[in-house]
Amino acid sequence: MGWSALLGHPVWVLLTALLGFVVRMQRRGPWDPRACSVRLRGKTAVVTGANTGIGKFIALDFARRGARVILACRSEARGTAALKEIREKTENADVHLRLVDLSSLDSVRGFAEGIIAEEKALHILVNNAGVSGLPKQITKDGFEFSFATNHLGPFLLTNLLLDLMKRSTPARIVTLASVNHKKGEVDFSHFHGENLIHHMDNVYNHTKLHNVICTKELARRLEGTGVTANSVHPGIVMTEVMRHYPFMIRFLFNLVGFFFFKSPEEGAVSSIYCAVAEEMEGITGKYCDSDCSLVLPAPLARDAALAVKDFEICERLTSKL
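Taken in order, the sequence shown gives residues 7 to 327; the numbers are from our numbering.
The structure is reproduced here in structure tokens:
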């Protein structure tokens with residue numbers, strides 16, 4: 007029997023399909039959001055980057071649970087489309103769009119001022135939005151674009167909304183990081199675009215390390231307030247975060263990812279777990295893996311002295327002079 011005949015044999019096709027099914031099922035973690043009965047009626051949640059990918063499915067879950075959900079998006083057109091879709095799927099009309107560009111500190115301040123003025127409470131903040139693979143760009147504030155979008159913008163937003171969250175306790179802050187933080191380095195000149203190699207996910211990895219470090223330090227500072235802060239790894243997820251990569255890289259990623267990587271809906275699970283699960287009540291300063299397990303982050307992310315320094319530098323960089 008020739009190779010073409012063998013590969014086309016029904017038994018081979020069946021076994022291949024079965025293997026694909028088994029591999030896809032293995033991507034599912036032990037915690038199922040749809041099996042979680044927690045309701046969020048009377049609660050308010052903000053999700054950044056909620057117009058697509060992981061963020062949209064996080065917002066969709068919150069809306070299904072009856073929360074008042076604010077989609078914090080950069081694109082009005084895409085945000086409006088997501089808003090319509092979430093309202094239709096959940097029959098929850100209390101879902102709203104607010105525009106923010108996390109790469110701009112002025113935009114972040116304006117967004118936060120609007121939330122503080124309009125909302126009586128804020129119980130959940132999910133820092134989801136992020137970019138990867140961008141060429142070198144410097145923002146009008148003088149920061150490297152990926153660092154501004156992935157870390158400094160969310161850092162400032164979180165700190166501006168803290169007082170509102172403290173008045174809304176119990177409240178939870180969830181920041182999407184990545185297992186790639188383990189490949190990141192801490193060099194404070196990176197914030198201004200210096201000493202950076204813009205190749206593949208190199209810069210992204212550094213920003214995710216800062217996410218984990220500062221979230222842990224934030225949790226330490228919030229002890230006793232009723233506000234918890236945790237960082238999460240969503241898994242390797244097929245989202246639009248790869249849109250800035252070369253075509254061949256994206257093609258191979260999607261080809262392999264069909265079998266082995268998570269869908270955006272699957273990638274949202276660990277964040278939803280940290281935001282709503284009863285098991286996470288009072289848990290803070292932790293790093294949650296994609297299977298909803300609390301695991302140790304990289305050694306640099308466990309350095310208490312480095313965390314204090316990183317947090318203080320980020321405070322100075324984002325302060326309004």
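Quick reminder that beta carbons are idealized off the backbone N, C-alpha and C, glycines included. In this text the structure is predicted, and so the values were computed from the model without any measurement.
Item, Value
"What residue range does the beta strand (DSSP E) around HIS102 cover?", "101-105"
"Can you tell me the Cα-Cα spacing of THR221 and CYS294, whole angstroms?", "12 Å"
"Could you check whether the region 81-93 touches the region 110-121, counting it as contact only if at least three pairs of C-beta atoms, one from each stretch, sit closer than 8 Å?", "no"
"Can you tell me the Cβ-Cβ gap for ASN217 and ASN186, rounded? I've got them flagged as a contact below 8 Å.", "Going by Cβ atoms, the distance from ASN217 to ASN186 rounds to 11 Å, so no, they are not a contact pair."
"By a C-beta neighbour count over all protein chains shown, 10 Å radius and 16 as the cutoff for buried, is SER325 buried or exposed?", "exposed"
"Taking all protein chains shown into account, do 16 or more other C-beta atoms lie within 10 angstroms of the C-beta of ILE60, making it buried, or fewer, making it exposed?", "buried"
"Going by the beta-carbon positions, is the gap between ARG104 and ILE76 smaller than 8 Å?", "yes"
"Can you check which of these residues, GLU124, LEU166 and PHE151, is closest to ARG74 by C-alpha distance?", "GLU124"
"With contact counted as at least three CB pairs below 8 Å, one residue from each stretch, are the region 307-317 and the region 283-291 in contact?", "no"
"Between ASN208, VAL180, LEU182 and ILE122, which lies nearest to VAL192 when the distance is taken from Cα to Cα?", "ASN208"
"Once DSSP output is grouped into helix, strand and coil, what is the label at ASN156?", "helix"
"What is the rounded straight-line gap between the Cα of LEU25 and the Cα of GLY48?", "Residue placement at LEU25 is flagged as unreliable, the pLDDT there being 45, under the threshold of 50; the coordinate-derived value follows with that caveat. Going by the C-alpha atoms only, they are around 44 Å apart."
"Could you please give me the residues that DSSP links to ARG308 through a beta bridge?", "Answer by DSSP bridge pairing: none, since ARG308 is not bridged."
"Measure the CB-CB distance between SER109 and ALA154 and report whether it falls below 8 Å.", "yes"
"Run through DSSP, which three-state label would CYS42 get?", "coil"
"For a test of the three-state rule: what should DSSP assign to LEU77, helix, strand or coil?", "strand"
"Please determine if the region 220-236 and the region 167-181 are in contact, where contact requires at least 3 C-beta pairs separated by less than 8 Å.", "yes"
"When we look at the beta-carbon of ASP112 and count the other beta-carbons within 10 Å, is it buried (16 or more) or exposed?", "exposed"
"Between which two residues does the alpha helix (DSSP H) holding ARG47 run?", "ARG47 -> no alpha helix (DSSP H), and no H or E assigned at all."
"Fully enclosed by the region 119-190, which alpha helix (DSSP H) runs are 4 residues long or longer?", "159-172"
"Determine the direct distance from the alpha carbon of ARG322 to that of GLN32, and round the result to whole angstroms.", "In this prediction, GLN32 has a pLDDT of 43, which is less than 50 and means its spatial position is unreliable; what the coordinates show is noted afterwards. Taking the straight line joining both Cα atoms gives about 44 Å."
"Tell me which residue opens and which closes the beta strand (DSSP E) that ALA235 is part of.", "233-238"
"When the Cα of HIS129 is compared with those of CYS320, LEU46 and ARG226, which residue comes out closest?", "LEU46"
"HIS223 to LYS189, Cα distance in whole Å?", "The residue asked about is misnamed: residue 223 is Glu in this sequence, not His. Going by the C-alpha atoms only, they are around 20 Å apart."
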